[in-house]
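Q: Okay, handing you the structure first.
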Amino acid sequence: MSADQNETSNISGQDSASPQNTARFGVIDTRLGPHGGLTLKLRFDFGTLPKIRKLRNGTLTAIGPENQRPLELTVTGFPLFGGKQSTDRLYRTGRIDLNVISPVDELSHIRPGWKIIVDLK
4 MSADQNETSN ISGQDSASPQ NTARFGVIDT RLGPHGGLTL KLRFDFGTLP KIRKLRNGTL
64 TAIGPENQRP LELTVTGFPL FGGKQSTDRL YRTGRIDLNV ISPVDELSHI RPGWKIIVDL
124 K
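Going by our numbering, the sequence shown runs without a break in its numbering and finishes at 124.
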């Protein structure tokens, strides 16, 4: 699916309770990011696929699988390994890598299985 075809359409099989203005990703892997922070490897779960520019410098919410207290994360950029991140690539593969920081240094708690919520407002 091309980026032009899907600004507001949703992926089939999404959760019907999902608001139209959010996207949910699952954490596949984490690693220490450059210059501090964390690099998250994410897979799209459901909601509306965001454009890359919506993610740049955006704020995310991380929710643990055992209802841990949600963490607020700030996107600081995109890692360079694996090629340039693009909206088209995100729409084709449903995967994206992000460098994030948190005002509260609890990033070490984020592991595969956590969910990342992106507010697209």
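Positions of the beta carbon are idealized from the N, C-alpha and C atoms, including for glycine. All of these numbers come straight from a predicted model, not from anything done at the bench.
Taking C-alpha atoms, which residue in N24, R27, L43 and Q23 lies nearest to N102?
A: For N102, the nearest C-alpha among the options comes from L43.
Q: Could you please give me the residues that DSSP links to F47 through a beta bridge?
A: For F47, which the question treats as bridged, DSSP gives the partners F28.
Q: Among G39, W117, P73 and L83, whose alpha-carbon lies nearest the alpha-carbon of L45?
A: That would be W117, whose Cα lies nearest to the Cα of L45.
Q: If you measure between the beta carbons of V78 and R98, is that distance less than 8 angstroms?
A: Taking 8 angstroms as the Cβ cut-off, V78 and R98 do not qualify as a contacting pair.
Q: Three-state secondary structure (DSSP) at M4?
A: The pLDDT assigned to M4 is 42, lower than 50, so where the model puts this residue is not dependable; a value taken from the coordinates is nonetheless given after this. Coil at M4, not helix or strand.
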